[in-house]
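Participant: Okay, handing you the structure first.
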Amino acid sequence: MNCAEYREAIAADPAFDGGASHVAACSDCQAYQREMQALNVKIAKAMLIDVPELKMPELPDIEADNVATLPVRKRWLKPMWFALAATVVLATSISLRISNVFQSYDSLAEEVLAHMDHEPASLRVTDEPVTDERLARAVPANLAIFDRNASLITYAQPCIINGHKVPHLVIQGEYGPVTIILMPEEKVAEATPIDGINVKGVILPVGDGSIAIIGDRKEQLGPIQENVVNSVTWTT
Amino acid sequence: MVSEQFSAVPVIKGTRGGSSRMTSSSTEGQRRRRFDRLVAVFYQDMYRFAAWLSRDKAIAEDVVQEALLRAWKSLDALRDDDAAKPWLLTIVRRENARYFERRRLETVDIDNLSASQAALLAETPNDELDDLREAIFGLDDDYREPLVLQVLMGYSTSEIAEMMGLKQGAVLTRLHRARHKLKGNVEEQ
């Protein structure tokens, strides 16, 4: 890859992670890469126009005609009816629990812990970093900028916490994976401890938002917290 | 900062409530809760996408209203809520196209803007951002749309290609040219 090819690629996608050997040896292209990434942040800020309050339109009733008609029911024996009802109740409660849709939590910390339980695959011990593209998807420029050079990021996924899209990241700590959830729209008044069965952590107030950092009970989270907070810039 | 929870229905105006002619009111209620939850999460993205497509705040509001209606009617076609964002943005994109097709609106003349168009450019008292916003506003639709999808909505170039019905190479070219134009504009300031 030469300079022209690299610059074309980085201008098309500032998260482009190819051409590493070229850019490592070319200071001009390194400068161009930084310039493009800085421009991208400015573009994101410029695009973040104010959004008016939602005015939901009058939603029409869904016509019964559109719903599949049930065939005429046979008269069931009572035990069969009970068995079916019990199955439906059980299936509904399981699906609601899995989908987490209607579940409410007493606190943000509780929801963060519950979310971690729902994504156990994130807590993989690995030295394989996520790609820049994946990180950019999880941390879009209109939410935050996360300096990936500060840590080994092994998981990056956009998730929903308290109704907001938030970046869910995992870095590798001394005692295993450390979960980081960036919540630019969740303001907390003060640092809030998180206490799980095998994990501990904290939700730190950062600007108008907060960052949850959770790791193994033996993990020294202090230096990680400082590193993470210094790596994040909100753009909302 | 507004805290939008899943149950943030109170901020929604003009809702009709739970009356329904469906076979089951609980099914209707679940459908409505699902819709409200998706809208609460993605409304901002829908509006901003519509605003940058149409370059007009008033049109963006109309487009989003139409898109919400269409999404409500076809909600059952959305099998997986994880796919809700591209689904909703695609609806916005089509409604925007329909809007301009119906009105047969001409391309926006940046030197002769309506108040609603100008409002989009006068968002914040920040000279640098104002200039850049105007430069984005002045980009051709073909360049502006993939840029919004990439920068604001966080989509990869392959996903943008799929949404816009283009080849990935074409998307890369458009994005490269868009940034090249914006870079030139920033350097001129």
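Residue numbers (our numbering), protein chains in the order written: chain A, 7 to 242; chain B, 32 to 220.
The C-beta atom is built at its ideal place from N, Cα and C for all residues, glycine as well.
(1) Check whether the Cβ of N168 (chain A) lies closer than 7 Å to any heavy atom of the ligand ADP, and answer yes or no.
(2) Using 10 angstroms around the beta-carbon of L114 (chain A), count the other beta-carbons present and answer buried if the total reaches 16, otherwise exposed.
(3) Among the candidates B:G196, B:M194, B:L170, whose CA atom is the shortest distance from the CA of N216 (chain B)?
(4) Is the CB-CB distance between L120 (chain B) and M184 (chain B) below 8 Å?
(5) I'd like to know whether the C-beta of P126 (chain A) is nearer than 8 Å to at least one C-beta of chain B.
(6) Kindly give me the distance between the Cβ atoms of I55 (chain A) and R79 (chain B), rounded to whole angstroms, as I take these residues to be in contact under 8 Å.
(7) Hey, out of A:H170, A:I203, A:V145, whose CA is closest to V176 (chain A)'s CA?
(8) Along the chain, which unbroken stretches of the beta strand (DSSP E) at least 3 residues long are found entirely within the region 214-239 of chain A?
(9) Our contact map puts P63 (chain A) next to L99 (chain B) with C-beta atoms below 8 Å; I'd like the distance itself, whole angstroms only.
(10) Whole angstroms are fine: how far does the CA of D214 (chain A) sit from the CA of V201 (chain B)?
(11) Identify the contact partners of M42 (chain A) in chain B, using a Cβ-Cβ distance below 9 Å as the criterion.
(12) Can you tell me where the beta strand (DSSP E) holding A150 (chain A) begins and where it ends?
(13) Counting contacts by CB-CB distance shorter than 8 Å, is C165 (chain A) in contact with chain B?
(14) Would you please verify whether the beta carbon of R223 (chain A) is less than 8 Å from any beta carbon of chain B?
(15) According to a CB-to-CB cut-off of less than 8 Å, which residues of the region 33-66 of chain A neighbour chain B?
(16) Spatial neighbours of V194 (chain A) within its chain, please: C-beta separation below 6 Å, excluding the five flanking residues on both sides.
(17) Is any beta-carbon of chain A found at less than 8 Å from that of V179 (chain B)?
(18) With L178 (chain B) and L206 (chain B) assumed to form a contact (beta carbons below 8 Å), what rounded beta-carbon distance in angstroms separates them?
(19) Find the residues of chain A that neighbour R164 (chain B), judging by a C-beta separation of less than 7 Å, and give them in chain order.
(20) Quick check on the DSSP output: the beta strand (DSSP E) that includes L99 (chain B) runs from which residue to which?
(21) Taking Cβ positions only, does E176 (chain B) come closer than 8 Å to chain A?
(22) Would L188 (chain A) and V205 (chain A) be called neighbours here (beta carbons separated by less than 8 Å)?
(23) Are A102 (chain B) and A91 (chain B) touching if we call contact CB-CB under 8 Å?
(24) With a Cβ-Cβ cutoff of 8 Å, do G182 (chain A) and V131 (chain A) count as a contact?
(25) Could you tell me whether the Cβ of W118 (chain B) comes closer than 8 Å to any Cβ of chain C?
(26) Contact between the region 24-42 of chain A and the region 145-162 of chain A: three or more CB pairs below 8 Å?
(27) Buried or exposed: which applies to T188 (chain B), given that a residue is buried once 16 or more other Cβ atoms fall within 10 Å of its Cβ?
(28) Per the DSSP calculation, D246 (chain A) is bridged to which residue(s)?
(29) Pull up the distance between the alpha-carbon of E191 (chain A) and that of W240 (chain A), whole angstroms please.
(30) Assign H124 (chain A) to buried or exposed, taking buried as 16 or more other Cβ atoms, counted over all protein chains shown, within 10 Å of its Cβ.
(31) CB V3 (chain A) to CB I219 (chain A), shorter than 8 Å?
(32) In angstroms with no decimal places, state the Cα-to-Cα distance between L119 (chain A) and A10 (chain A).
(33) Compare the C-beta of L183 (chain B) against all C-beta atoms of chain A and say whether one is closer than 8 Å.
(34) Give the interface partners of P135 (chain A) over in chain B, defined as CB-CB distance under 7 Å, in chain order.
(35) Beta-carbon of I122 (chain B) versus every beta-carbon of chain A: anything under 8 Å?
(36) Kindly say whether V72 (chain B), judged by its beta-carbon, lies nearer than 8 Å to any beta-carbon of chain A.
Facilitator: The answer reads as follows:
(1) What this structure holds is no ligand at all, so the ligand ADP is not there to describe.
(2) Locating residue 114 (chain A) in the first sequence gives position 108, where the first residue counts as 1. Taking a 10 Å sphere around the C-beta of L114 (chain A), we find 16 or more other C-beta atoms and assign the residue as buried.
(3) The count along the second sequence starts at 1 and reaches residue 216 (chain B) at position 185. With distances taken between Cα atoms, N216 (chain B) lies closest to B:L170.
(4) Taking the first residue of the second sequence as position 1, residue 120 (chain B) is located at position 89. Taking the first residue of the second sequence as position 1, residue 184 (chain B) is located at position 153. Taking 8 Å as the Cβ cut-off, L120 (chain B) and M184 (chain B) qualify as a contacting pair.
(5) Position 120 of the first sequence, counted from the first residue, corresponds to residue 126 (chain A). The Cβ of P126 (chain A) sits no closer than 8 Å to any Cβ of chain B.
(6) One-based indexing of the first sequence puts residue 55 (chain A) at position 49. One-based indexing of the second sequence puts residue 79 (chain B) at position 48. Correct: roughly 6 Å between the Cβ atoms.
(7) The sequence position of residue 176 (chain A) within the first sequence is 170, counting from 1. That would be A:V145, whose Cα lies nearest to the Cα of V176 (chain A).
(8) Counting only runs of 3 or more, we get 215-222.
(9) Position 57 of the first sequence, counting from 1, holds the residue named residue 63 (chain A). Position 68 of the second sequence, counting from 1, holds the residue named residue 99 (chain B). Correct: roughly 6 Å between the Cβ atoms.
(10) As a working mapping, residue 201 (chain B) is identified with position 170 in the second sequence. As a working mapping, residue 214 (chain A) is identified with position 208 in the first sequence. Note on identity: in this sequence residue 201 (chain B) is Ala, with Val being the wrong assignment. Approximately 39 Å, taken between the alpha carbons.
(11) Translated into the one-based positions of the first sequence, residue 42 (chain A) becomes position 36. Neighbours of M42 (chain A) in chain B, taken as residues at a C-beta separation under 9 Å, are given in chain order as R210, K214.
(12) In the first sequence, counting from the first residue as 1, residue 150 (chain A) sits at position 144. Looking at the DSSP string, the run of the beta strand (DSSP E) that includes A150 (chain A) is 150-152.
(13) Here residue 165 (chain A) corresponds to residue number 159 of the first sequence, with the count starting at 1. No, its Cβ sits nowhere closer than 8 Å to a Cβ of chain B.
(14) For the purposes of this step, residue 223 (chain A) is taken as residue 217 along the first sequence, with counting starting at 1. Between R223 (chain A) and chain B, the shortest Cβ-Cβ separation is not below 8 Å.
(15) For the region 33-66 of chain A, which is checked against every Cβ of chain B, the residues closer than 8 Å are E41, M42, L45, N46, K48, I49, A50, K51, A52, M53, L54, I55, D56, V57, P58, E59, L60, K61, M62, P63, E64, L65, P66.
(16) Numbered from its first residue, the first sequence carries residue 194 (chain A) at position 188. Excluding residues within five positions, the ones whose Cβ falls inside 6 Å are I209, P211, S216.
(17) Numbered from 1 along the second sequence, position 148 holds the residue referred to as residue 179 (chain B). Chain A contact via Cβ: present.
(18) For this step, residue 178 (chain B) is matched to residue 147 along the second sequence. For this step, residue 206 (chain B) is matched to residue 175 along the second sequence. Contact flag correct, Cβ pair sits at about 6 Å.
(19) By 1-based counting over the second sequence, the position of residue 164 (chain B) is 133. Neighbours of R164 (chain B) in chain A, taken as residues whose beta carbon is under 7 Å from its own, are A52 in chain order.
(20) Locating residue 99 (chain B) in the second sequence gives position 68, where the first residue counts as 1. Element bounds for L99 (chain B): not the beta strand (DSSP E) but the alpha helix (DSSP H), 88-104.
(21) Here residue 176 (chain B) corresponds to residue number 145 of the second sequence, with the count starting at 1. The Cβ of E176 (chain B) sits no closer than 8 Å to any Cβ of chain A.
(22) Within the first sequence, residue 188 (chain A) is the residue found at index 182, counting from 1. Within the first sequence, residue 205 (chain A) is the residue found at index 199, counting from 1. A distance of 8 Å or more separates the beta carbons of L188 (chain A) and V205 (chain A).
(23) Residue numbering aside, residue 102 (chain B) sits at position 71 when the second sequence is read from its first letter. Residue numbering aside, residue 91 (chain B) sits at position 60 when the second sequence is read from its first letter. Result no, Cβ atoms of A102 (chain B) and A91 (chain B) do not sit closer than 8 Å.
(24) In the first sequence, counting from the first residue as 1, residue 182 (chain A) sits at position 176. In the first sequence, counting from the first residue as 1, residue 131 (chain A) sits at position 125. Taking 8 Å as the Cβ cut-off, G182 (chain A) and V131 (chain A) qualify as a contacting pair.
(25) Reference to chain C is not applicable here, since the protein chains of this structure are A and B.
(26) The region 24-42 of chain A vs the region 145-162 of chain A: no contact.
(27) The residue given as residue 188 (chain B) occupies position 157 in the second sequence. Classification for T188 (chain B): buried.
(28) What is shown of chain A runs 7 to 242, which leaves residue 246 (chain A) out entirely.
(29) In the first sequence, the residue the question calls residue 191 (chain A) occupies position 185. In the first sequence, the residue the question calls residue 240 (chain A) occupies position 234. In this structure, the alpha-carbon of E191 (chain A) lies about 10 Å from that of W240 (chain A).
(30) Within the first sequence, the letter at position 118 stands for residue 124 (chain A). By the 10 Å Cβ count, H124 (chain A) comes out exposed.
(31) Chain A is shown from 7 up to 242; residue 3 (chain A) falls before or after that span and cannot be answered.
(32) Working through the first sequence from its first residue, we reach residue 119 (chain A) at position 113. Working through the first sequence from its first residue, we reach residue 10 (chain A) at position 4. Taking the straight line from one Cα to the other gives about 47 Å.
(33) Translated into positions along the second sequence, residue 183 (chain B) becomes position 152. It does: the Cβ of L183 (chain B) has a partner Cβ on chain A nearer than 8 Å.
(34) By one-based count along the first sequence, residue 135 (chain A) stands at place 129. Simply none; closest approach about 17 Å.
(35) Stepping through the second sequence from its first residue, residue 122 (chain B) is reached at position 91. Answer no: the Cβ-Cβ gap between I122 (chain B) and chain A never drops below 8 Å.
(36) As a working mapping, residue 72 (chain B) is identified with position 41 in the second sequence. V72 (chain B) counts as touching chain A.
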